[in-house]
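Asks:
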Amino acid sequence: MQQHNPIQIHVEDTNAEATMAKISAIKQKYFKDEFSEEFVKGTSKKDVLIHRGYWCRFNIFHRIVSTYISKQQKCNIISLGSGYDTLPFIMWQTYPNNEFTYVEVDLPVVVDRKIKKLKESNKLKTLLGEIIISENKLQAKSQNKNYLLFGEDLCNSEQLYQQLKSIDVTIPTLVYAECVLTYIRSDATNRLLDGLTQWFPQLTFLNYEMFNPSDQFGKMMVRNFEYRGCPLVGIEAFPSLQAHKDRLQKWFNHVEIYDMKTLYQIGTDPEERKRIEKLELMDEWEEWNIMQSHYLVSLAIKSQNELIVNLKV
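Letter 133 of the sequence shown, counting from 1, is numbered 148 in our numbering, and no numbers are missing.
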């Protein structure tokens, strides 16, 4: 029987909570996603601050992944710490005739539960076809799509590479991580980035995570995650936007990075932003600005020749 440590279980709990918050935003018509409820059932309505934050995050990642797939003849998309991410299913729904491989990686406890959800969902079985599961039940492939889901600790870079060798590493590859790296020690993150840039010659890396732990809100944020059993062990090593940029520039020639407060304005479509701002009135602009100043998105590309996506609209 697979054994899971307490941090893995707490991360899984956080993953389910995040999906419930996402579903709440979907039900309020912030964006469309018919697959999230295949993984988590039932949710209470969340606050407008949560809804807008999820809309902004989803909007940016959806736009960049969608653009990357649409502009490539053939490519890989790899989601690190994927949780109950539904973007691969949305992409196959949007681009049924495009040639791309989608890989999802997460801790074994999360992958075990996601595989069970895939097997139970008629909607996903219709899209993916038969789900072929490995003997250890920690790897799944689909019959109809180039889809691979496997369990691996991202700190184990050698084992991660052994799993990824099954795909074509020579083609353009977009790797993204949402709220993942800040849970990992900085030395392990550096090994991961070093490995990714060696394994994939045409690499684009997209990352979303918490930062700015030193002010009042930041200290409270760090305490909250510690209390929930998911300490932000990587946040202190890279506390600022500049620190994150300096780290990425060791491996990438082109780096863009902004906090979410800025990206809400420059990284989303103005008309779509007007639409969602009419869905619910928000009076807590000061609280919104503070909260969004503690989350960032970075986009890093190995070569300027591969610059086909960017953070600004």
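The beta carbon of each residue, even a glycine, is placed where N, CA and C say it ideally should be.
What is the DSSP secondary structure of threonine 219, counted as helix, strand or coil?
Replies: Three-state result, threonine 219: strand.
Asks: Is the CB-CB distance between threonine 82 and isoleucine 323 below 9 Å?
Replies: Going by C-beta atoms, threonine 82 is nearer than 9 Å to isoleucine 323.
Asks: Apart from the five residues just before and just after glutamate 299, which ones in its own chain have a Cβ nearer than 7 Å to its Cβ?
Replies: These residues qualify, in order along the chain: Leu64.
Asks: What is the C-beta distance between asparagine 227 and histidine 309, in whole angstroms, given that I count them as a contact (C-beta under 8 Å)?
Replies: The pair is a contact, with the Cβ atoms about 5 Å apart (cut-off 8 Å).
Asks: Could you name the residues that DSSP lists as bridge partners for asparagine 91?
Replies: Thr116, Thr188, per the DSSP bridge assignment.
Asks: How would you label threonine 34, buried or exposed, when you count the other beta carbons within 10 angstroms and need 16 or more for buried?
Replies: Buried.
Asks: Skipping 5 residues on each side, what residues in its chain have a beta carbon closer than 6 Å to that of glycine 144?
Replies: Contacts found: Ser157, Gln158, Asn159.
Asks: Measuring straight from C-alpha to C-alpha, what distance separates isoleucine 291 and leucine 179?
Replies: Cα-Cα distance, rounded: 38 Å.
Asks: In the structure shown, what three-state DSSP assignment does methionine 329 receive?
Replies: No statement about residue 329 is possible, as the shown extent of the chain runs from 16 to 328 and does not include it.
Asks: In angstroms with no decimal places, state the Cα-to-Cα distance between histidine 19 and asparagine 161.
Replies: Reliability of the predicted coordinates at histidine 19 is poor, the pLDDT of 47 falling under 50, and the value obtained from them is presented with this limitation in mind. So the two alpha carbons sit approximately 29 Å from each other.
Asks: Round the Cβ separation of tyrosine 117 and methionine 106 to the nearest angstrom and send it over; I've been treating them as touching at under 8 Å.
Replies: Yes, they are in contact, since the Cβ atoms of tyrosine 117 and methionine 106 sit about 7 Å apart, within 8 Å.
Asks: Threshold first: 4 residues or longer. Then list the alpha helix (DSSP H) segments lying entirely within the segment 219–283, N to C.
Replies: With a minimum length of 4 residues, the continuous alpha helix (DSSP H) runs that stay inside the segment 219–283 are 231–242, 256–263, 275–281.
Asks: Could you have a look at glutamate 49 and say whether DSSP puts it in helix, strand or coil?
Replies: In the structure shown, glutamate 49 sits in coil (DSSP, three-state: anything other than H, G, I, E or B).
Asks: Which residues mark the beginning and the end of the alpha helix (DSSP H) in which glycine 210 is found?
Replies: Run containing glycine 210: 201–214, per the alpha helix (DSSP H) assignment.
Asks: Go to glutamine 178, then tell me how far its alpha helix (DSSP H) extends in each direction, as first and last residue.
Replies: Note, glutamine 178: alpha helix (DSSP H), 172–179.
Asks: State the start and end residues of the unbroken alpha helix (DSSP H) segment that holds isoleucine 79.
Replies: First-last of the alpha helix (DSSP H) with isoleucine 79: 63–85.
Asks: Does DSSP put methionine 16 in a helix, in a strand, or in coil?
Replies: For methionine 16, the predicted structure reports a pLDDT of 38, less than 50, and the residue's modelled location is therefore unreliable. The matter cannot be settled from this model.
Asks: Determine the extent of the beta strand (DSSP E) in which leucine 164 is found, giving its start and end residues.
Replies: Counting along the chain, the beta strand (DSSP E) containing leucine 164 begins and ends at 162–166.
Asks: Do proline 187 and glutamine 217 count as a contact pair if the criterion is CB distance below 9 Å?
Replies: Taking 9 Å as the Cβ cut-off, glutamine 217 and proline 187 qualify as a contacting pair.
Asks: With a Cβ-Cβ cutoff of 9 Å, do threonine 212 and phenylalanine 267 count as a contact?
Replies: Yes; because the gap between Cβ atoms is below 9 Å, this pair is in contact.
Asks: Label leucine 164 either buried or exposed according to how many other C-beta atoms from any shown protein chain fall within 10 Å of its C-beta, with 16 as the threshold for buried.
Replies: Leucine 164 should be labelled buried.
Asks: If you follow the alpha helix (DSSP H) that lysine 152 is part of, which residue opens it and which one closes it?
Replies: That residue, lysine 152, is in no alpha helix (DSSP H); it is neither H nor E in DSSP.
Asks: Going by DSSP, what residue range makes up the alpha helix (DSSP H) through isoleucine 130?
Replies: Per DSSP, isoleucine 130 belongs to the alpha helix (DSSP H) from 123–135.
Asks: Among Arg67, Asp284, Ser181, which one has its Cα closest to the Cα of glutamine 43?
Replies: When each option's Cα is compared against that of glutamine 43, the closest is Arg67.
Asks: Since tyrosine 110 and isoleucine 79 are thought to touch, with beta carbons under 8 Å apart, how far apart are those beta carbons, to the nearest angstrom?
Replies: About 14 Å; that fails the 8 Å criterion.
Asks: Excluding the five sequence neighbours on either side, which residues of its own chain have a C-beta within less than 6 Å of the C-beta of phenylalanine 50, listed in chain order?
Replies: Excluding sequence neighbours, phenylalanine 50 sits near Thr101, Phe104.
Asks: Please classify serine 313 as buried or exposed, where buried requires at least 16 other C-beta atoms within 10 Å of its C-beta.
Replies: That one is buried.
Asks: Closer than 7 Å by C-beta to methionine 16: which residues in its own chain qualify, once you throw out the five before and the five after it? Chain order, please.
Replies: Low per-residue confidence applies at methionine 16: pLDDT is 38, beneath 50, and the placement is therefore not dependable enough to give any value.
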